[in-house]
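Here the structure is laid out as structure tokens; the discussion comes afterwards.
Numbering (our numbering), first residue to last: 10 to 244.
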């Protein structure tokens, strides 16, 4: 039985034979400092052993740490591309989302409705009503996720634990704002920003197997929020 479970052929791969040692004999010739050597060190301060570091070696640089601690916001702290690149991503996403929206509308019965525009709704006043929601939502599988996220937000706002940091009160305006922000079209758009801009920085979500319809609403909402935060709207 060889030491540590090594087989005979394994030792050959290490360049040694069963009769030789696992360690290079030459390394045993190096003398280690003795206590007299340590006592002979200067008493002004602790002994320091410095290894010269070349500034040309990229492995020794801390550019990311410097950027992360010198800036605020995800776009400035991480590699999220330029404003122009993010605008190009937004243009492609808008084109794709509009095409999918037209396909869903064409598949619906003729109801005499128009394609809702703009895709990002900005009317958060009390005059807006959930009855004004685009009719294509009824034919959009993501509309269920929008409703699930809305219920979670409502629960967080209405059921506040003691010393809660949530200062909002649930209202029709807040409900409409949540519906508009987490609309199916916005979820698709914000997840597009997430994959294109944020995922290369933090890729802990497995994109090939990720399914928006099967994802938990908390995960989907978090990804949508991150995607919006790194979008070109956050210039």
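The beta carbon of each residue, even a glycine, is placed where N, CA and C say it ideally should be.
Whole-angstrom C-beta distance between residue j and residue i, which should lie under 8 Å
i	j	result
residue 89	residue 206	5 Å
residue 154	residue 229	6 Å
residue 98	residue 213	Rounded, the Cβ-Cβ distance is 21 Å, inconsistent with contact.
residue 108	residue 148	About 15 Å separates the two Cβ atoms, so there is no contact after all.
C-beta atoms of residue i and residue j nearer than 7 Å
i	j	result
residue 191	residue 158	yes
residue 114	residue 194	no
residue 183	residue 226	no
residue 87	residue 172	no
Candidates the options: closest to residue i by CA position
i	options	result
residue 163	223, 175 and 152	175
residue 240	219, 210 and 198	198
residue 222	97, 116 and 150	150
residue 204	231, 108, 188 and 179	231
residue 200	177, 233, 215 and 210	233
residue 110	224, 152 and 91	152
Cα-Cα separation between residue i and residue j, rounded to whole angstroms
i	j	result
residue 146	residue 237	21 Å
residue 101	residue 169	40 Å
residue 166	residue 187	12 Å
residue 5	residue 156	Only positions 10 to 244 of the chain appear in this structure, which leaves residue 5 out of reach.
residue 71	residue 216	29 Å
residue 134	residue 178	Model confidence at residue 134 stands at a pLDDT of 35, short of 50, so the residue's coordinates are unreliable and nothing is read from them.
residue 94	residue 185	31 Å
residue 219	residue 103	21 Å
residue 224	residue 74	33 Å
residue 112	residue 96	24 Å
residue 208	residue 91	16 Å
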